[in-house]
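According to the numbering used here, the sequence shown is numbered sequentially starting from 1318.
Comments concern the structure below.
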Amino acid sequence: MRTVLDWSLLSGPVPIVLRLLALAAAGWLLARMVLPRSPRHAVVVTGACAIAAATITVTAAYLARTVWLLFPDRLETSVYAWVFLGVFTVAITAVHTVTDRRRYLPISVAAAITITAACGNQVNLEFEAFPTVADILTIERTPAVPFTDIGSPSGLLDDTHPIDTGWTPPPGMPTRGKHTSAPIPGTKSGFAGRDAEIYLPPAYFTDPRPRLPVLVLLAGQPGSPQDWMSAGKLTRTMDNFAAAHQGLAPVVVVADGTGTQFGNPLCLNSRRGNAATYLSVDVPAWITAHLSVDTEPRAWAVGGLSYGGTCALQLAINYPQVYPTFLDLSGQAEPSLGDRRTTVEEAFGGDTAAFTRVNPLDLLRTRRYPGSAGTIVVGTRDPEAKADASTVTTAARAAGMEIRYSELPGEHSWRVWTPGLARELPWLAQRLGLIS
């Protein structure tokens, strides 16, 4: 049964009602600003609040992107506009708390909260990061199965290649896969990753079970592995694929590539942590030790969105013996904290040579990758990602890689990444030896 937690924040009545309530709330705040006082006073106060809001918005953007280096991606102008409007509303309300009659203050505060919530949801609509009320409250509507309850089979099926050529789903196989989670320690790297989210397809719960291929997925930055389960609708995407292929689908492990929500280790081994070793050594070692999967590199792929897409490219270029196949959804051409100078300084203390030794574009100029393949997907309205994708595609093909490139309607958001994964799954599954 659907509850308030299932209400969509992206479509349907909730966004519309929020906008209408925000308009009414704005009317109230303006009325309380104008009616009790002279028009000149209202203009002066409104102008002062607008200047304060603009200053706070610009300063916050500068600190987040230039000083704290919280995220490298360029934000759309509309995002800044909605943030400004939210701050402006708070400023106006702050004036009300000092000058307005006390009996009106609860209404003014409620109006400010309504407008701020509407502005926040408009930003959410840009990225589709929180599809439902449950997501914004970080409440899991379908809790993960404890990893200890997954169990082990009494045996494994003999290998066939592709797997579907020798596969017959046994009676009693579940119709859907399961979502679980588990910590993956940074045994070799020392990297402190958050729990990985894991999808196991229906075929995984047969006995004996086939040795399934592996897809390691990475989230964006800021972000967490849970993003793929909530905003990315990973379980639904994988279940749909499995339903069309007799229960077969890759085992998906959404590993933590950042360590914290706003962390940015650049998917490198650097002064910011050993993220590369974690993802290329610790994560594969844990998967092969704890899951029944195909351990051959030809059956492994790495993929991700935005920061995670860049990271997938980096891992495929630096560790082709681990990940000879990659999926890059709206990634950058190289790891970045905004610009190369800042990146090299922060990660390698200004040592440009250390950066170029691991930078994908530099390696593609000097090495050959005849056994590697990748697929790159970007949004039609994401000009920066399109430019980077073009650069990477050209360089990778020149280095001997098999590269697929496609564009989907949308910007730098889940409107591209969720269907992007679904669209590329058949190619990935064929490449990994799952289907013919």
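Here a beta-carbon is modelled for each residue, glycine too, at the ideal position from N, C-alpha and C.
For clarity, every value in this text was computed on a predicted model and none was experimentally measured.
Quick one, are the C-beta atoms of residue i and residue j less than 8 angstroms apart?
| i | j | result |
| --- | --- | --- |
| Arg1511 | Ser1541 | yes |
| Asn1586 | Thr1594 | yes |
| Asn1438 | Leu1551 | no |
| Gly1620 | Ala1629 | yes |
| Val1361 | Met1350 | no |
| Ala1513 | Val1462 | no |
| Val1695 | Ala1616 | no |
| Pro1518 | Leu1473 | no |
| Tyr1624 | Leu1632 | no |
| Gly1648 | Asp1705 | yes |
| Cys1366 | Trp1399 | no |
| Thr1383 | Gly1655 | yes |
| Leu1322 | Thr1449 | yes |
| Leu1535 | Gly1574 | yes |
Is it buried or exposed for residue i, if we count other Cβ within 10 angstroms and need 16 for buried?
| i | result |
| --- | --- |
| Ser1498 | buried |
| Leu1529 | buried |
| Glu1445 | buried |
| Tyr1379 | exposed |
| Trp1734 | buried |
| His1358 | exposed |
| Gly1717 | exposed |
| Val1610 | buried |
| Pro1486 | exposed |
| Ala1339 | buried |
| Val1415 | exposed |
So who's on the other strand from residue i, going by DSSP bridges?
| i | result |
| --- | --- |
| Glu1724 | Val1695 |
| Asp1645 | Gly1621, Ile1693 |
| Ile1424 | Ile1424 pairs with nothing; no bridge assigned. |
| Thr1449 | Ser1325 |
| Leu1473 | Arg1526 |
| Thr1497 | Val1462, Ile1515 |
| Asn1586 | Asn1591 |
| Leu1608 | Per DSSP, none; premise fails for Leu1608. |
Using alpha carbons as the reference points, say which of the options lies closest to residue i.
| i | options | result |
| --- | --- | --- |
| Val1375 | Val1404, Val1361, Thr1433, Pro1525 | Val1404 |
| Thr1465 | Ala1739, Leu1749, Pro1500 | Pro1500 |
| Gln1747 | His1562, Leu1632, Gly1655 | His1562 |
| Val1440 | Leu1474, Tyr1421, Phe1401 | Phe1401 |
| Thr1659 | Asp1556, Val1675, Leu1386 | Leu1386 |
| Val1709 | Pro1488, Trp1731, Arg1682 | Arg1682 |
| Phe1508 | Thr1449, Ala1592, Ala1633 | Ala1592 |
| Ala1451 | Leu1327, Gly1648, Ala1572, Val1412 | Leu1327 |
| Thr1711 | Ala1650, Ala1671, Ala1739 | Ala1650 |
| Ile1480 | Ala1690, Pro1527, Pro1491 | Pro1527 |
| Ala1408 | Leu1442, Ala1381, Leu1347, Ile1453 | Leu1347 |
| Cys1760 | Gly1537, Ala1715, Ala1560 | Residue 1760 is absent from the model: the chain starts at 1318 and stops at 1753. |
| Val1331 | Leu1392, Leu1442, Gly1364, Ile1368 | Leu1442 |
Can you name, in chain order, every residue of its own chain whose Cβ lies under 7 angstroms from the Cβ of residue i, other than the five neighbours on each side?
| i | result |
| --- | --- |
| Ala1342 | Ala1428, Thr1431, Ile1432 |
| Thr1669 | Val1661 |
| Met1555 | Gly1494, Tyr1516, Pro1518, Ala1566, Val1569 |
| Arg1714 | Ile1720 |
| Thr1482 | Ser1753 |
Leaving aside the five residues before and after residue i along the sequence, list all residues of the same chain whose C-beta is less than 6 angstroms from its C-beta, in chain order.
| i | result |
| --- | --- |
| Asp1599 | Gly1503, Thr1504, Lys1505, Ser1506 |
| His1478 | Gly1750 |
| Asp1524 | Pro1470, Ser1471 |
| Ser1547 | Asp1452 |
| Phe1522 | Pro1491 |
| Asp1544 | Ala1536 |
Please list, in chain order, all residues of the same chain as residue i whose beta carbon is under 8 angstroms from its beta carbon, the five residues on each side excluded.
| i | result |
| --- | --- |
| Thr1692 | Phe1643, Leu1644, Asp1645, Ile1720, Arg1721, Tyr1722, Ser1723, Glu1741, Trp1744, Leu1745 |
Give a yes or no on whether 8 angstroms exceeds the smallest Cβ distance from residue i to chain D.
| i | result |
| --- | --- |
| Ile1501 | Given the protein chain composition of this structure (a single chain), no chain D is represented. |
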